């Protein structure tokens, strides 16, 4: 019996290979996109799940009455470990993230991201597996460092790294005390090098906000429970200034205290800050829509082609087949086609994975050893859902034919079948129109962000990575050296380079006229505003005067000037935190300009030169303004000069215009993914419409021939054959518009500076969908209308 069913299935597939091929291919494309996003979802939900001990690890932030500060005070970790019995261990770290640190040995040098400064408790909080060296004492000594296996291979090859030394930026020397294994899963904290800071002791004071604090509890606790234990403790030891109790402090609407996040929730479900789960959810929803589009395509063509098999059903029923047997047979045929589609989908997905992995900077693979069973079960469930979605109704539709009616030649379709088919067409094109609207809105917002006036000019400005001594003590010497190069017109430095991923957004409580004003602080050189072409709005820019060069003068941006609530802020005096003895006078106001993209409003900023007002700030980069037509010659000269300025460090530079584009990286990635999904959805819909139109036009060949003989024109036939389809597609576009508007408006809410939705976007989407559909239907209509009537009527 099964062998007979398989033969029948194969014969029917081969007989209808055109429609079957489109059926399977459309479904395979939808499945492939869904499988890639499924892999991505598994990866994202696996963050910080690589060791059960991470369930007991929590990140501690500090909360003020206005905001939550992820950077915490240096002694906080030790304070919590000593005063809270529920805490087993605590550590403070400073993670460099994507910033690349130069590591050198006698024979080799590499630029390495994921550098982490930590105290001796790091490995007692984070359960990294030590594969070489003593895990218990790995960071007990100053200048000790633990490196990953990959870094050990880069620096030392196959040699034993234990006891070897590594220079950091050609300065501090670290001794390798252990080698750690990379985690088996993704982690919010990427650590390739974990090192003790030699200045750890001198930096250990309560005014140092340079660290992130993590604690490990004796047992798994709810976040709210741990926070309720830590908040009163911190209040009584650090915040309490009078006899007010903690309950009275909270009743007075003060929010200051500590804030707790479970490490396993940080990536996807943090209690504050950005979350990646929204992006994953959006991609999963879109890929599901794409899968539904493929399943609808499959179901529609199956229903349309079912009439060819009506007599087969009638004969089988006369010979004794029950409806249940027929239903199982046709479901078996659908299952076979779906399995073939899944196999093709896996091949397509494998081809897509390198591109997707590169876009999202992650590594995705099918059937990893530790996730093979889980993924196999997910694929089996996915296949079952697809079979039900795409095949159950067509199988039910075929099996319900009545033998007597079929054998008499009554193959009327019935209103139910046609209504269901039409509903599927509407849903399929609604999905396609939704994607087209998304493509147009995202493209328009991206164009707006890339062409909007940023408030500065990064054209022909070079951003050069430099070590601290070059940026600070040697800056004037470096500046003069670079200004000798033909084509170099200005040289400046700043601690906040526009476009930097890790730009410092820390704000401080500046004092002014007896009150506090929270603003950002950026250290620059006198030529900074001229180098970037930033417009002066009031007062003057910095000059070489003693007051300007020694943090006695400041410039504000427009937002900062408004924050002071003064009609004319020139001459106003502000004080840095804890520096009442050093007054800083406002001498100018510059135009607001964008540093970190368009999602957030521009923050109030105080610009000063030097570090003589109690807050030390460094980092950043050197900016070089170039002019003239021969930029390549100037850059080559800068490269040669840099070999003398920093002989131990190869020059690393980018043009600021290109550098600023990285703030759009996440949106550019989403744009490419939506474009891919959109074009794929439209392609699936068009493939289905093309095949369905071909089949239905073929069913009406004699009717068309008769109408031509009776005088119908090509236009008359085109209108006759296309009007039903075009009505459905117009309805689909009408349904997609409110859905598209809601989705686009929700996405745009994430931008402070954004486009306005207008009717033109939806008009263009409607025009695009209708044009593609009309062209698809028109091809078969024109072909049928031009056919010779004698060819189809000669057998009558």
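Residue numbers (this note's numbering): 683 to 1478.
A virtual CB, placed ideally from N, CA and C, is assigned to each residue, including glycine.
Small disclaimer: the values here were computed from a predicted structure and weren't measured.
Nearest-angstrom Cβ-Cβ length linking residue i and residue j, presumed shorter than 8 Å
| i | j | result |
| --- | --- | --- |
| residue 774 | residue 759 | 4 Å |
| residue 1367 | residue 1114 | 4 Å |
| residue 863 | residue 831 | 6 Å |
| residue 755 | residue 928 | Contact doesn't hold; Cβ gap of about 19 Å is too wide. |
| residue 1291 | residue 1233 | 7 Å |
| residue 1120 | residue 866 | With 8 Å as the limit, residue 1120 and residue 866 do not qualify as a contact, their Cβ atoms being about 36 Å apart. |
| residue 1202 | residue 1189 | 5 Å |
| residue 1335 | residue 1146 | 5 Å |
| residue 833 | residue 875 | 6 Å |
| residue 1191 | residue 1256 | 11 Å between Cβ atoms; not a contact. |
| residue 766 | residue 912 | 6 Å |
Residue i vs residue j beta-carbon contact at 8 Å
| i | j | result |
| --- | --- | --- |
| residue 1246 | residue 1271 | no |
| residue 716 | residue 973 | yes |
| residue 1017 | residue 1352 | no |
| residue 852 | residue 915 | no |
| residue 741 | residue 948 | yes |
| residue 837 | residue 848 | yes |
| residue 1143 | residue 1337 | yes |
| residue 1411 | residue 1461 | no |
| residue 757 | residue 879 | no |
| residue 714 | residue 1034 | yes |
| residue 1152 | residue 1302 | no |
| residue 729 | residue 868 | yes |
| residue 1313 | residue 1324 | no |
| residue 1455 | residue 1112 | no |
| residue 1221 | residue 1252 | yes |
| residue 1038 | residue 718 | yes |
| residue 893 | residue 724 | no |
| residue 1117 | residue 1364 | yes |
| residue 1239 | residue 1286 | yes |
6 Å Cβ shell around residue i - same chain, five flanking residues per side excluded
| i | result |
| --- | --- |
| residue 1296 | 1258, 1260, 1261 |
| residue 1459 | 1375, 1404, 1407 |
| residue 709 | 976, 980, 1023 |
| residue 1327 | 1160 |
| residue 1371 | 1458 |
| residue 905 | 942, 944 |
| residue 1092 | Any answer about residue 1092 is weak, because its pLDDT of 47 lies below 50 and its placement is not dependable; what the coordinates show is given next. Result list for residue 1092: empty, nothing under 6 Å. |
| residue 1422 | 1116, 1119 |
| residue 859 | 815, 820, 826 |
| residue 846 | 858 |
Residue closest to residue i, alpha-carbon to alpha-carbon, out of the options
| i | options | result |
| --- | --- | --- |
| residue 1448 | 1461, 1414, 1460 | 1414 |
| residue 772 | 895, 878, 902 | 895 |
| residue 817 | 840, 832, 861, 1310 | 861 |
| residue 877 | 1283, 850, 902, 826 | 826 |
| residue 1170 | 1205, 1232, 1311 | 1311 |
| residue 923 | 938, 754, 911, 910 | 938 |
| residue 795 | 921, 1069, 873 | 873 |
| residue 801 | 882, 869, 1243 | 882 |
| residue 1029 | 1392, 711, 946, 1420 | 711 |
| residue 1235 | 968, 1204, 1118, 1438 | 1204 |
| residue 1284 | 1241, 1423, 1357 | 1241 |
| residue 1277 | 1439, 1178, 1225 | 1178 |
| residue 907 | 1254, 1249, 768, 1066 | 768 |
| residue 1488 | 888, 902, 946 | No answer is possible for residue 1488: the residues shown for the chain start at 683 and end at 1478. |
| residue 968 | 1409, 1357, 1441, 1393 | 1357 |
Cβ-based neighbour list, residue i, same chain, cut-off 7 Å, excluding 5 preceding and 5 following
| i | result |
| --- | --- |
| residue 770 | 898, 899, 900 |
| residue 1090 | Interpretation of residue 1090 is limited by its pLDDT of 49, a score under 50 that renders its predicted location unreliable; no figure is taken from the coordinates. |
| residue 747 | 936, 937, 938 |
| residue 750 | 743, 941, 954 |
| residue 917 | 928, 931, 939 |
| residue 1110 | 975, 978, 979, 1367, 1370 |
| residue 958 | 726, 949, 950 |
Beta-carbon proximity list for residue i, same chain, < 8 Å, skipping 5 on both sides
| i | result |
| --- | --- |
| residue 1436 | 1127, 1130, 1280, 1430 |
| residue 1308 | 1142, 1143, 1144, 1169, 1170, 1171, 1316, 1317 |
Distance cut-off 7 Å: residue i Cβ against heavy atoms of the ligand COA
| i | result |
| --- | --- |
| residue 1143 | As for the ligand COA, it is missing from this structure, which has no ligand bound. |
Runs of beta strand (DSSP E) wholly within the segment 1194 to 1239 (minimum 3 residues, chain order):
1197 to 1205, 1218 to 1221, 1235 to 1239
Every unbroken alpha helix (DSSP H) within the segment 887 to 952, with a cutoff of 4 residues, ordered by chain
905 to 916, 928 to 933
List in chain order: all unbroken beta strand (DSSP E) runs of 3+ residues lying wholly within the segment 778 to 804.
783 to 786, 791 to 794, 797 to 800
At 4 residues or longer, what runs of the alpha helix (DSSP H) sit wholly inside the segment 1279 to 1356?
1313 to 1327, 1338 to 1342
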